[in-house]
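Chemist: Have a look at this one.
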Amino acid sequence: MDLRQLIEELSELWGTHAAETATVERRGWTVSIDQSASQLLFAVKASPTHNVLISHETQITRTLDEMGISEEAKLGDPEFDSRYVVRNLSDQDAAELFNPEVLDLLRKLEPFTELELASTGYRLLKHVRLGEDYDATRASADIDALVDLVEKTSRQRV
Numbered sequence: 616m617d618l619r620q621l622i623e624e625l626s627e628l629w630g631t632h633a634a635e636t637a638t639v640e641r642r643g644w645t646v647s648i649d650q651s652a653s654q655l656l657f658a659v660k661a662s663p664t665h666n667v668l669i670s671h672e673t674q675i676t677r678t679l680d681e682m683g684i685s686e687e688a689k690l691g692d693p694e695f696d697s698r699y700v701v702r703n704l705s706d707q708d709a710a711e712l713f714n715p716e717v718l719d720l721l722r723k724l725e726p727f728t729e730l731e732l733a734s735t736g737y738r739l740l741k742h743v744r745l746g747e748d749y750d751a752t753r754a755s756a757d758i759d760a761l762v763d764l765v766e767k768t769s770r771q772r773v
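My numbering numbers the first residue of the sequence shown as 616 and each following residue consecutively.
Laid out in structure tokens, this is it:
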């Protein structure tokens with residue numbers, strides 16, 4: 616599917632404001648997109664080298680971090696680390712997995728609610744106002760960045 620078709624298909628789906636699903640092929644990867652009124656879920660079936668959950672930093676996680684009892688990994692980027700919590704990964708594994716190139720891909724996906732790299736695949740959840748601050752062109756850029764992330768951090772397709 617080319618970019619124009621993707622934009623048309625997603626625009627049609629978003630015009631319905633009902634839960635819808637689309638599938639897009641990008642560089643040999645199938646990206647599933649589930650859409651509801653205020654969120655998008657992008658999913659790619661691939662096996663990451665590490666299982667990781669990245670979610671928004673909250674006041675509770677900040678407080679735990681200040682107390683020194685946080686179980687989150689730090690990626691070494693103060694701005695990113697202040698906005699997101701990285702779980703299920705040691706600091707050493709985080710440094711290996713999230714090299715500068717991969718960290719740049721995470722920044723391209725921002726803002727996101729949750730990014731999961733799991734044995735069942737990659738899952739990117741974004742809360743958006745469809746048609747207002749998020750459109751099909753932006754979705755296409757997110758798909759590209761997600762596929763780049765999969766290619767840089769996965770072992771194999773699932």
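Glycine is no exception: its CB is placed at the ideal position from the N, C-alpha and C atoms.
Given the structure is predicted, the values throughout are model-derived calculations rather than measurements.
Comparing C-alpha positions only, which one of Ile669, Glu687 and Leu745 sits nearest to Arg677?
Modeler: Indexing the sequence shown from 1 puts residue 677 at position 62. If we check each option's Cα against that of Arg677, Glu687 comes out closest.
Chemist: Would you mind listing the alpha helix (DSSP H) stretches within the segment 667-727 that are 4+ residues and don't spill past its ends, in chain order?
Modeler: List check, alpha helix (DSSP H) in window: 674-682, 693-698, 706-712 and 715-724.
Chemist: Within this structure, are the beta carbons of Lys741 and Thr752 separated by less than 8 Å?
Modeler: By one-based count along the sequence shown, residue 741 stands at place 126. By one-based count along the sequence shown, residue 752 stands at place 137. Contact flag unset, no.
Chemist: Suppose you measure from the CA of Val639 to the CA of Lys723; what does that come to, to the nearest Å?
Modeler: To locate residue 639, count along the sequence shown from 1; it is residue 24. To locate residue 723, count along the sequence shown from 1; it is residue 108. Val639 and Lys723: Cα-Cα distance of roughly 19 Å.
Chemist: Quick one: using the 10 Å Cβ neighbour count with 16 as the cut-off for buried, is Ala760 buried or exposed?
Modeler: For the purposes of this step, residue 760 is identified with residue 145 of the sequence shown, where counting begins at 1. By the neighbour-count rule (16 or more Cβ atoms within 10 Å), Ala760 is buried.
Chemist: Could you tell me the distance, in whole angstroms, from the CA atom of Glu635 to the CA atom of Arg738?
Modeler: Within the sequence shown, residue 635 is the residue found at index 20, counting from 1. Within the sequence shown, residue 738 is the residue found at index 123, counting from 1. Cα to Cα, Glu635 sits roughly 17 Å from Arg738.
Chemist: Looking at chain D, is there any beta carbon in it that lies within less than 8 Å of the beta carbon of Ile684?
Modeler: No chain D appears in this structure, which consists of one protein chain only.
Chemist: Can the beta-carbon of Ala669 be found closer than 8 Å to that of Leu730?
Modeler: Translated into positions along the sequence shown, residue 669 becomes position 54. Translated into positions along the sequence shown, residue 730 becomes position 115. The amino acid at residue 669 is misidentified as Ala; the sequence shows Ile. Yes, Cβ-Cβ distance for Ile669 and Leu730 is below 8 Å.
Chemist: With the cut-off set at 8 Å, would you say Glu716 and Lys767 are in Cβ contact?
Modeler: Taking the first residue of the sequence shown as 1, we reach residue 716 at position 101. Taking the first residue of the sequence shown as 1, we reach residue 767 at position 152. Yes; because the gap between Cβ atoms is below 8 Å, this pair is in contact.
Chemist: Which residue from Arg698, Ser734 and Ala756 puts its Cα closest to that of Leu720?
Modeler: What you label residue 720 is simply residue 105 of the sequence shown in a count that begins at 1. Minimum Cα distance to Leu720 is reached at Ala756.
Chemist: DSSP has Lys741 in a bridge; who is on the other side?
Modeler: Within the sequence shown, residue 741 is the residue found at index 126, counting from 1. Leu655.
Chemist: Classify Ser769 as buried or exposed, calling it buried when 16 or more other Cβ atoms lie within 10 Å of its own Cβ.
Modeler: Within the sequence shown, the letter at position 154 stands for residue 769. Under this definition Ser769 is a buried residue.
Chemist: Rounded to whole angstroms, how far is the Cβ of Val659 from the Cβ of Leu732, which I believe are closer than 8 Å?
Modeler: Mapped onto the sequence shown, residue 659 falls at position 44. Mapped onto the sequence shown, residue 732 falls at position 117. At roughly 10 Å, the Cβ-Cβ gap does not stay under 8 Å, so Val659 and Leu732 are not in contact.
Chemist: With DSSP as the reference, please indicate the residues paired to Leu764 in a beta bridge.
Modeler: Your numbering for residue 764 matches position 149 in the sequence shown. According to DSSP, Leu764 bridges with nothing at all.
Chemist: For Arg642, which three-state DSSP category applies?
Modeler: As a first step, residue 642 must be located in the sequence shown, where it is residue number 27. Here Arg642 sits in coil by DSSP.
Chemist: Specify, as a first and last residue, the run of the beta strand (DSSP E) that Glu729 falls within.
Modeler: Locating residue 729 in the sequence shown gives position 114, where the first residue counts as 1. Residues Glu729 to Ala733.
Chemist: Asp649 by DSSP, collapsed to three states: which one?
Modeler: Counted from its first residue, the sequence shown places residue 649 at position 34. Looking at Asp649 - three-state DSSP - the assignment turns out to be strand.
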